[in-house]
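Residue numbers (the working numbering): -15 to 787. So the structure is just underneath, and the comments pick up after that.
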Ligand SMILES: Cc1ncc(C[n+]2csc(CCOP(=O)(O)OP(=O)(O)O)c2C)c(N)n1
Ligand SMILES: [Mg+2]
């Protein structure tokens, strides 16, 4: 139903009735799903349920105003909307609840996310974009409250870009920027900082974003009184209201049970945002929670009798029904009959979903039991094995955990036997693991044909004419060629536009490529990140600049929860191939010299973390990533922009390989692994060490995640038999990760003649000034003495004690 009943004057009363009745069908179906869903959790078939009951009617209105090409960025209450746009059937709803690992059964996340977290597919089975302008899109939901807000800004901004930038192939992504990004959020979640940050950003940017607040006056048990000043979000946001002379928001309010008013308000918002790119806030008030917040509690504990009574009366479905009777849309009998029929349909859908979910697991159990029969018959531990087997048989509807754990336990009983069925059991276990484990662990990173891991290295070439330049020129000229080559590339951040970033790496580029492609933003790292995520999800290639590594912390939650999990949580059906550009490691003072790499790499698995030691390497990483579909963070060396580097003759061709180390100096006595700014200090110290006859091999790991995929580091350790990891993170930070990669994954421990060691910064933040740096970060003397001490221990005769 593309038309809207308020604006299409030609439709007959019969058509109108049909449309309303169809809406009511969806509302009732959705409600029945919620009611039955709760039962499924309480009877143990599902683990947790959070449902959209009490929010049905406004979502019908939103779905009516939602057009092909639009995007939703919302939260866990929106099942009715998903049903109304045709994206969620009853079977899928229950498959999600049961955590069905088949993407066909649960298209939202293949069982990875709890129910209520919705998504549509942006990629086909060959990992190519589908045409997003021909479907209604939902960006994949996440649970952290308000974390949908930063991404929403980017989804809306993409329309602005498509409308204003020429030369981009927009066929699959936009029709002249006519797409609206629709946000939904609960009233209590508007208390989060990122909500206000996103609202302000959208107001500044004037992007087509319609923000809907579903206000049920509670956030779990905590009432509006403790959430929102004046208990009224639209009231306190009034300063954002646009006027005749000033751009801002259009702010609309409407009651959540008033079907015709809702339809009108949502259509108005849609037209305004779509045509004029004015952001709109719709405050939907007087909503209810018929079953309370989720299956983990009951709202009778914290709502008064009066409130509960009011919620029963103002239940939006009840009110819609009353309105339908009043306006002669249907009779009471007709509606009662319809409700009965829908109840039946939902029950049947639920049964089908359960059967589809449980049947394969029962088959798996059966195949194991057959093997266990033979294993038991041939074992002296028959009694114990039969016990495990019978316990499994007794579980009529087992989980995979129960099946697999039974198989693995039995293996222990036959470990010392020549059991004829032993190999059968072992094969079963291996096959089961090979089949099932990926269902839970695949696609954290791109596994597609477009993974940047397929991009081959192209080394920089130099000639007699190659000029020695300030390194920032290399990065600038490289961005210039990227902008030239890819019209869909954009870069934005604090001071990135007019002045061309604080280190002049974008000098002159705004003038050349315009304000939409090279732009300044407000100081708001979380939504800078969100701009990147949202625009990347709509086919653009954003580079989000975080001014300094230290301030990545403000964006880290969004990187960690949203960007880094996107491919994983959608089984690769959504991706945001953006680059986060930042600069860091040592410079000056506590807040400009941090190198919190351990925290970053651990919190952002799903995104690559690249740490080039100079600007040529960095340029090569940008070029590599542009050919791929994988989000990544590039940390440029803050103290490297004014150092001299040779300008490569083949700048636009260079590609730095990802997940590969580089041996920057060969040596025979000890392997030192390092990266970034610290690597230069290691290189300097290596010359001093040569003078005392210590020949170090230096490895630049350059790509922390993924780390040395070819396992080349261990080859160096095989030669030197000694290993030292040097970085400027805290002790036990990234250096511990690197050690684990080398010692455990690459099994380098076997080749060591000395204890493997790390040399890091002090545990505290780096103090200010030259001396602060010297006494906080690893300095040349620290490195010299550390290496020397290792050599002294191995050969005290040759290397007498230094200190
Ligand atoms: C960052 C974060 N903090 C806490 C929670 C736990 N939590 C989940 S829902 C919720 C209440 C949200 O209330 P509201 O935004 O009004 O939405 P409603 O559930 O009422 O529709 C809370 C505190 C969370 N998911 N994320
Ligand atoms: Mg609420």
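For every residue, glycine included, the Cβ atom is placed at its ideal position computed from N, Cα and C.
Backbone secondary structure at residue i - three-state DSSP
| i | result |
| --- | --- |
| residue 724 | helix |
| residue 167 | strand |
| residue 687 | strand |
| residue 693 | coil |
| residue 29 | coil |
| residue 503 | strand |
| residue 57 | strand |
| residue 797 | Since the first residue shown for the chain is -15 and the last is 787, residue 797 is missing from the structure and cannot be characterised. |
| residue 567 | strand |
| residue 842 | No statement about residue 842 is possible, as the shown extent of the chain runs from -15 to 787 and does not include it. |
| residue 675 | helix |
| residue 615 | coil |
| residue 267 | strand |
| residue 781 | coil |
| residue 236 | strand |
| residue 730 | coil |
| residue 150 | coil |
| residue 181 | helix |
| residue 594 | strand |
| residue 522 | coil |
| residue 113 | strand |
| residue 286 | coil |
Selection from the options that minimises the alpha carbon distance to residue i
| i | options | result |
| --- | --- | --- |
| residue 399 | 422, 427 and 365 | 365 |
| residue 40 | 145, 168 and 186 | 168 |
| residue 149 | 639, 387 and 496 | 496 |
| residue 750 | 578, 623 and 598 | 578 |
| residue 449 | 717, 164, 632 and 673 | 632 |
| residue 60 | 94, 576, 18 and 624 | 18 |
| residue 574 | 534, 546 and 601 | 534 |
| residue 445 | 601, 29, 143 and 227 | 601 |
| residue 356 | 345, 739, 381 and 394 | 394 |
Those residues which DSSP pairs with residue i across a bridge
| i | result |
| --- | --- |
| residue 708 | 656 and 741 |
| residue 535 | Paired residues: none, contrary to the question. |
| residue 475 | 502 and 527 |
| residue 454 | 628 |
| residue 122 | 56 |
Straight-line Cα distance separating residue j from residue i
| i | j | result |
| --- | --- | --- |
| residue 147 | residue 506 | 22 Å |
| residue 780 | residue 773 | 9 Å |
| residue 64 | residue 271 | 14 Å |
| residue 823 | residue 336 | Here the chain comprises residues numbered -15 to 787, so residue 823 is not present and cannot be evaluated. |
| residue 736 | residue 704 | 8 Å |
| residue 131 | residue 48 | 25 Å |
| residue 285 | residue 240 | 24 Å |
| residue 532 | residue 23 | 50 Å |
| residue -12 | residue 314 | Any reading at residue -12 must be qualified, since the residue scores a pLDDT of 49, below 50, and its modelled position is unreliable; the value itself is stated next. Cα-Cα distance, rounded: 20 Å. |
| residue 554 | residue 419 | 19 Å |
| residue 469 | residue 475 | 14 Å |
| residue 637 | residue 650 | 27 Å |
| residue 729 | residue 767 | 26 Å |
| residue 44 | residue 12 | 11 Å |
| residue -8 | residue 486 | Confidence at residue -8 is low in this model, with a pLDDT of 49, below 50, so its placement is unreliable and the value that follows should be read with caution. Roughly 53 Å separates the two Cα atoms. |
| residue 245 | residue 237 | 10 Å |
| residue 423 | residue -2 | 48 Å |
| residue 104 | residue 6 | 22 Å |
Proximity test, residue i beta-carbon vs ligand 1 heavy atom, cut-off 7 Å
| i | result |
| --- | --- |
| residue 510 | no |
| residue 200 | yes |
| residue 61 | yes |
| residue 632 | no |
| residue 277 | yes |
| residue 315 | no |
| residue 450 | no |
| residue 389 | no |
| residue 129 | yes |
| residue 173 | yes |
Residue i Cβ short of 7 Å to ligand 2 heavy atom set
| i | result |
| --- | --- |
| residue 374 | no |
| residue 170 | yes |
| residue 203 | yes |
Residue i CB to nearest heavy atom of ligand 3 below 7 Å
| i | result |
| --- | --- |
| residue 272 | Ligand 3 is absent from the structure shown, which contains only ligand 1 and ligand 2. |
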